[in-house]
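Trainee: As they're listed, the protein sequences go chains G and R.
The numbers in our numbering rise by one with no breaks, and the one at position 21 of the first sequence is 848.
The numbers in our numbering rise by one with no breaks, and the one at position 247 of the second sequence is 250.
Glycine included, every Cβ here is placed at the ideal spot set by N, Cα and C.
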Amino acid sequence: MTKQTQKTASVSRQMLRRGAVLAAVFGVGAFAVLLARLYKLQITDHTFYENLAISQQLREAPGTAARGRIYDRNGNVLAVSATVDNVYLSPAEIEANGEDRELIARGLSEILGLDYDELYEKTGRKGSWYVTAARKIEADKAAEIRRFKTENHISGVRLEPDTRRYYPNGRLACHLLGFVGTDNYGLEGIEARYDDALSGTAGRSLRATNAYGGEMLLRRYEEYRPGEDGQDLFTTIDASIQYYVEKHLRQAVLDYDALNGAGAIAMDVNTGAILAMASLGDYDPNHFLAVSPEAQIAVDAAATKEEAAALLAQAQARQWRNKALSDTYEPGSTFKIITLAMALEEGKTGLGDSFYCGGSTTVQGRTNPIRCWKSGGHGSQTLTQAVQHSCNVAFVNIGQRVGAERFYDYCEAFGFLKLSDDPDANLTARTGIDLSGESGSIWWSRNTFCSKKNLSQLAAASFGQTFTITPLQLVTAVSACVNGGRLMEPYVVQRLVEPDGSVSFEHEPKLVRRVISESTSRKVREILEQVVGDPNDGTGRNAAVPGYRIGGKTGTSEKVSLEARTGQKEYIVSFIGVAPADDPKIALLVFLDTPSDKSGVYVSGGQMAAPVVGRMLADILPYLGVEPTGSDNGGAVMPACTGLDLPQAAEKLKEAGLRYRTIGGGSAVTDQLPAAGTVLAEGTEVILYFDAEISPDLESLPELTGLNYEQARDTLSYYGLYLTTRSSVTDPARQTVGAQSFPAGTELRHGSVVEVTLIDSDEELLGRY
Amino acid sequence: MRYDSARLAGLPDAETDARRPVFDGPFFVLSMLLLLAGVLMVLSASYPRAWYDPGHVTGGNAAYYFVRQLVFALLGVAAMLIASRVPMGLYRRWAFPFLALTLVLLMLVPLVGVKANGSRRWLGVGGLTLQPSELAKLAVILSFSALVCRYRGKMRSIRYGILPFAGILGAIIGLLVLEPHFSASVIILAIGAVMLFLGGVRLFWFAGAFGAAGAGIAVLLTFFPYASSRINSWRDPFSDSSDQGYQIVQSLYTIGSGGLSGLGLGGSRQKFLYLPEEHNDFIFSIVCEELGYIGAALILCLFALLILRGWWIAFHCRDRFSFLVVGGVTSLLAIQVFLNVAVVTNLVPCTGISLPMFSYGGTALLIQLFELGIVLSASRDIPVH
Chain G
828 MTKQTQKTAS
838 VSRQMLRRGA
848 VLAAVFGVGA
858 FAVLLARLYK
868 LQITDHTFYE
878 NLAISQQLRE
888 APGTAARGRI
898 YDRNGNVLAV
908 SATVDNVYLS
918 PAEIEANGED
928 RELIARGLSE
938 ILGLDYDELY
948 EKTGRKGSWY
958 VTAARKIEAD
968 KAAEIRRFKT
978 ENHISGVRLE
988 PDTRRYYPNG
998 RLACHLLGFV
1008 GTDNYGLEGI
1018 EARYDDALSG
1028 TAGRSLRATN
1038 AYGGEMLLRR
1048 YEEYRPGEDG
1058 QDLFTTIDAS
1068 IQYYVEKHLR
1078 QAVLDYDALN
1088 GAGAIAMDVN
1098 TGAILAMASL
1108 GDYDPNHFLA
1118 VSPEAQIAVD
1128 AAATKEEAAA
1138 LLAQAQARQW
1148 RNKALSDTYE
1158 PGSTFKIITL
1168 AMALEEGKTG
1178 LGDSFYCGGS
1188 TTVQGRTNPI
1198 RCWKSGGHGS
1208 QTLTQAVQHS
1218 CNVAFVNIGQ
1228 RVGAERFYDY
1238 CEAFGFLKLS
1248 DDPDANLTAR
1258 TGIDLSGESG
1268 SIWWSRNTFC
1278 SKKNLSQLAA
1288 ASFGQTFTIT
1298 PLQLVTAVSA
1308 CVNGGRLMEP
1318 YVVQRLVEPD
1328 GSVSFEHEPK
1338 LVRRVISEST
1348 SRKVREILEQ
1358 VVGDPNDGTG
1368 RNAAVPGYRI
1378 GGKTGTSEKV
1388 SLEARTGQKE
1398 YIVSFIGVAP
1408 ADDPKIALLV
1418 FLDTPSDKSG
1428 VYVSGGQMAA
1438 PVVGRMLADI
1448 LPYLGVEPTG
1458 SDNGGAVMPA
1468 CTGLDLPQAA
1478 EKLKEAGLRY
1488 RTIGGGSAVT
1498 DQLPAAGTVL
1508 AEGTEVILYF
1518 DAEISPDLES
1528 LPELTGLNYE
1538 QARDTLSYYG
1548 LYLTTRSSVT
1558 DPARQTVGAQ
1568 SFPAGTELRH
1578 GSVVEVTLID
1588 SDEELLGRY
Chain R
4 MRYDSARLAG
14 LPDAETDARR
24 PVFDGPFFVL
34 SMLLLLAGVL
44 MVLSASYPRA
54 WYDPGHVTGG
64 NAAYYFVRQL
74 VFALLGVAAM
84 LIASRVPMGL
94 YRRWAFPFLA
104 LTLVLLMLVP
114 LVGVKANGSR
124 RWLGVGGLTL
134 QPSELAKLAV
144 ILSFSALVCR
154 YRGKMRSIRY
164 GILPFAGILG
174 AIIGLLVLEP
184 HFSASVIILA
194 IGAVMLFLGG
204 VRLFWFAGAF
214 GAAGAGIAVL
224 LTFFPYASSR
234 INSWRDPFSD
244 SSDQGYQIVQ
254 SLYTIGSGGL
264 SGLGLGGSRQ
274 KFLYLPEEHN
284 DFIFSIVCEE
294 LGYIGAALIL
304 CLFALLILRG
314 WWIAFHCRDR
324 FSFLVVGGVT
334 SLLAIQVFLN
344 VAVVTNLVPC
354 TGISLPMFSY
364 GGTALLIQLF
374 ELGIVLSASR
384 DIPVH
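Right, dumping it as structure tokens:
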């Protein structure tokens, strides 16, 4: 302004002022704002952002801890894990590298048998680095994928190791074992309960990666946190016993058309170890989501998707349910063992006692009289006979002698309920077995049960009604009754073994309490043996196994609540056997839920469940090495005769209760039919060979049904075939063959044993006991 | 080696002023320090992307971006030194031809420009690309300075103080809208406002202009469809952190990870393809991650010192044109630095503004260094006391 002569004007004061303002704003103010903002982000919120950044930069490779194996008590593998691969796609890399999506989708769909369109869609997911294509594929498929990747230079398809659980025995013990989900967590059974021990701790490898999952150049960071393999688990289960139990139980469900399946428990009475536990319907834990063909048909027929999903979930829940552990039921007459034991222990009854049954008895507080299953009554009977007959009237009497208060105390002692300070509490109890999903019993409160005005609860409880318990509770309590009086805590896991072989856990049999004395227990055993062993009076005689001493008790319980709801009568029939009766090793309970009377067999524990227990024990006892004791159950054991001369052999056979014929003309027995140790019907004619050979010809099996027992026996021995039965032989002349193990016309080798089922024509003994 | 600026500018010189043999030392040293830091950071930030080469650009050569940036930095320093030798009068004389050239280039962009990410902002010549909008910034500074000098005393009037300037800005912004190029429009409007403010336009115009700018932004948000979605991802980037908010969220991770002292030079983890544009618009985030708050603050202080030194030079200019050009270049630098750092720290909505001396981009760096060279040229006219 001042020097107008200059063409280039000097800077005005206003300009300088305004420049100073801008210098302050741009040179100081703006930077103050930025520094404050950076302070907030880098200092105040540093940890927040750092954690987020690290979590996206570090990739955690899945752990490699091997899941422990599950073994049976003899070291047979029940569950084992193997390494498999998961296949995943990295669409971001596919896009970045310009890889051919169609080629990838086609290749994978061919190798894995997956839908092409779905795979193609997955390869195009924008911005994703991890899309699962297939889970748990086997090694050969994984190798094919690796080859496919190499041949086509594909990096957007990746494999990551995973493990898969295999159950080599399929359905065997499925409810005990449970199964493992896709994420390798145990979901049911032992797999769930012992998941921590079995799974170990997975090792983790942390790796810093670039945004596409590749290496970070120069900034390589890898950390391996070693894991620990899972522990091996040895169960108390015996795979062979489990197999026998399941085989016969499955057959029983088919034979008797048991609508709601069945269950069975075999327990070592002295330790509480579970030797077998089965539940039907079952499933294959290798494919635990697959349901039975019938259920699948129902699912497929569903009208809507939701309905189908609901039906499927329902069918799965039903097949996964361990009935032996999770169902509760009224035990019915099997509970009389408990009533008997407490009455004997209290000295309220004895072997010399006698009871009169007129067919019914009245109880204070109850309008209708309690009826015995035999409408005419059992008349006068000893204590043993009362148990043999499963006489309700006698047991109401026995229960009343014990008294409600003591009865209640014993039920607690046997583990059916847990006493509480509150006399009005409805009580429950569990055995405490080391399995998940155990249900609890449902009992009356003490005040209700012990009401002086109303004795009906006590009366009904004496023969096992008006309360519910689990099958496992009954087996545990009955084991205590026969093992000398010790209530043991049941268990299925014997030991856990670390990967290095050291034992980290060993189960010691756990005595809960002593309930009854040794001498009482002996009396109970003697009486129970008569229930099975007496071919005339014993309601459990169908459980008899020739050559073995077996005790047991039948049970037939009506589903009361169901009848109240629908008016429909449904039953749970059961039988609990103990063997050998003189020195019990095993208690075996079988229950069939809602069998059908259309099978032709009368719906009762004695007719349906007892034969099943008999068949199981016939397999189990020889397996356990229990020596057969001879003929007192109508069976004869073939002795070894080879090498003997005729008089010696004849003497032996006579002792065994067998007849013989000879073939050949030598001086010593060179061979025999059948083999030594075969259990035969008494009076069977066996063949001794003297310098002769057993004919290699096959014999065609004749038709046996309709023949009586003796006729069948003799017909077979004519052909060089032999008869055995697990039905109890009460009257060889009147019992007829109802079924034979091979159909008529089957070609059999000489010496083969044919098993028959006898039809009981003794109407007197049919009854719901 | 002495130039007679008055003679070269074709103007009579009353004081027979002689230019100093050396330019302003502090300004040059600060520039060089920042350039050195910038080129190093390009190396550090860019090598992972260059190595992995997800976009099939570099052929896996880790030094690809660095070498190019280094070449342009050296060319830029040469351009700066040459610019520092050119007398200020020459800039004034060539201001309008330069503006005309810029407008022609801007008009060419929509016709033959290189398209990328939905916008056409670049002109390609051989292997080089040039954003004419970078030239436009300098053109505005030079032409406005020249006009202010020509209309001195009349700047308070509408006819001289507003209309010619508004005309130039309108033409440039109109052409940028065609590209479209939102961030360049903002910067050019801002630098235009700075020039008018320094030039003596009455303050109430600015009040009006701010109102108009507010309305303009509202219009722009509807004009530029991508702009409004950026507003949303600015307000809450985490709500959409995998898509719209991805870039800014990654930038916050990057900056926040640095903490007080950083992961060390070269130690960034976010540059491994997590942070997009890590060697470009978001290079300052990597600076924060590697050098921490201390290092980032140091870099910002260097910028602040450079800017303050620029104003110091401006205040010592004897001549109005030089004052305006130096003030303009310094302000442009400050505006770009502020907006870039404000964007990467999510202080303002995300838009593509490069950081002078740091962001990868050859021709832009060349032009920036040339502009600083003009400041150095002006510094040579400061009389020795």
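(1) Please check the pair residue 1431 of chain G and residue 1264 of chain G, which I expect to be a contact at CB under 8 Å, by giving their CB distance rounded to whole angstroms.
(2) Which residues, in chain order, does the segment 842-854 of chain G contribute to contact with chain B at a C-beta distance below 7 Å?
(3) Going by alpha carbons, who is nearest to residue 1086 of chain G out of G:1574, G:1225, G:1110 and G:1422?
(4) Which chain R residues are close to residue 954 of chain G, counting only those with a beta carbon under 7 Å from its beta carbon?
(5) Between G:1173, G:906, G:975 and G:1083, which has its C-alpha nearest residue 1003 of chain G's C-alpha?
(6) Let me know if residue 873 of chain G comes out buried or exposed under the rule of 16 or more other beta-carbons within 10 Å of its beta-carbon.
(7) In the DSSP assignment, what residue or residues form a beta bridge with residue 913 of chain G?
(8) Using the beta-carbon count (16 or more within 10 Å), is residue 840 of chain G buried or exposed?
(9) Using the three-state DSSP reduction, which class does residue 1623 of chain G fall into: helix, strand or coil?
(10) Please report whether the beta-carbon of residue 51 of chain R lies at a distance below 8 Å from any beta-carbon of chain G.
(11) Where do the ends of the alpha helix (DSSP H) carrying residue 202 of chain R lie?
(12) Under the assumption that residue 1187 of chain G contacts residue 1220 of chain G (Cβ atoms under 8 Å), give the Cβ distance between them as a whole number of angstroms.
(13) Relative to the alpha-carbon of residue 1413 of chain G, which residue among G:952, G:1453 and G:1438 has its alpha-carbon at the smallest distance?
(14) Leaving out the 5 sequence neighbours to the left and right, which residues in its chain are closer than 6 Å to residue 281 of chain R when beta-carbon positions are compared?
(15) So, with DSSP's three-state summary, where would you put residue 877 of chain G?
(16) Just reading off the beta strand (DSSP E) that residue 1315 of chain G is part of, what are its end residues?
(17) Going by the DSSP bridge assignment, what does residue 1188 of chain G pair with across the sheet?
(18) Measuring alpha carbon to alpha carbon, tell me which of G:1580, G:1283, G:1244 and G:1251 ends up nearest residue 1258 of chain G.
(19) Among residues of its own chain, excluding the 5 on either side of residue 1019 of chain G, which ones have a beta-carbon nearer than 7 Å to its beta-carbon?
(20) Name the chain R residues that come within less than 8 Å of residue 862 of chain G, Cβ to Cβ?
(21) Which class does residue 1104 of chain G belong to by DSSP, given the choice of helix, strand or coil?
(22) Between G:852, G:1266 and G:1285, which lies nearest to residue 1273 of chain G when the distance is taken from Cα to Cα?
(23) If you follow the alpha helix (DSSP H) that residue 327 of chain R is part of, which residue opens it and which one closes it?
(24) State the CB to CB distance for the pair residue 1406 of chain G and residue 1444 of chain G, rounded to an integer number of angstroms; the pair is presumed to be in contact (CB under 8 Å).
(25) From the beta carbon of residue 314 of chain R, is the nearest beta carbon of chain G less than 8 Å away?
(26) Please determine whether the Cβ atom of residue 877 of chain G lies at a distance below 7 Å from any heavy atom of the ligand COA.
(27) I'd like to know whether the C-beta atoms of residue 1370 of chain G and residue 1404 of chain G end up nearer to each other than 8 Å.
(28) What does residue 1258 of chain G pair with, by DSSP beta-bridge criteria?
(29) By DSSP, does residue 284 of chain R sit in helix, in strand, or in coil?
(30) Do you know whose CA, among G:1193, G:1181 and G:1197, lies nearest residue 1207 of chain G's CA?
(31) What residues of chain R sit near residue 1021 of chain G, judged by a beta carbon separation below 8 Å?
(32) Could you check what DSSP says for residue 1241 of chain G in three-state terms: helix, strand or coil?
(33) Measuring only between beta-carbons, confirm whether residue 865 of chain G sits less than 8 Å from chain R.
(34) Name the chain R residues whose beta carbon is nearer than 8 Å to that of residue 983 of chain G?
(35) Along chain G, in chain order, which residues have C-beta atoms closer than 7 Å to that of residue 339 of chain R?
Mentor: Quick look at the numbers:
(1) No, residue 1431 of chain G and residue 1264 of chain G are not in contact; Cβ-Cβ is about 29 Å, not under 8 Å.
(2) Although the question refers to chain B, the structure presented lacks it and instead comprises the protein chains G and R.
(3) G:1422
(4) 245
(5) G:906
(6) buried
(7) G:987
(8) exposed
(9) With chain G covering 828 to 1596 only, the question about residue 1623 of chain G has no answer from this structure.
(10) yes
(11) 185-202
(12) 7 Å
(13) G:1453
(14) 48, 274 and 289
(15) helix
(16) 1313-1315
(17) G:1197
(18) G:1244
(19) 1005, 1013 and 1263
(20) 300 and 303
(21) strand
(22) G:1285
(23) 323-347
(24) 5 Å
(25) yes
(26) No copy of the ligand COA appears in this structure; indeed no ligand is present at all.
(27) yes
(28) Beta-bridge pairing links residue 1258 of chain G to no other residue.
(29) coil
(30) G:1181
(31) The premise fails here: residue 1021 of chain G is roughly 40 Å from chain R at the closest Cβ pair, so nothing lies under 8 Å.
(32) coil
(33) yes
(34) Result: empty, since nearest Cβ-Cβ is about 12 Å, beyond 8 Å.
(35) Under the 7 Å cutoff, chain G gives no residues; its nearest Cβ is about 11 Å from residue 339 of chain R.
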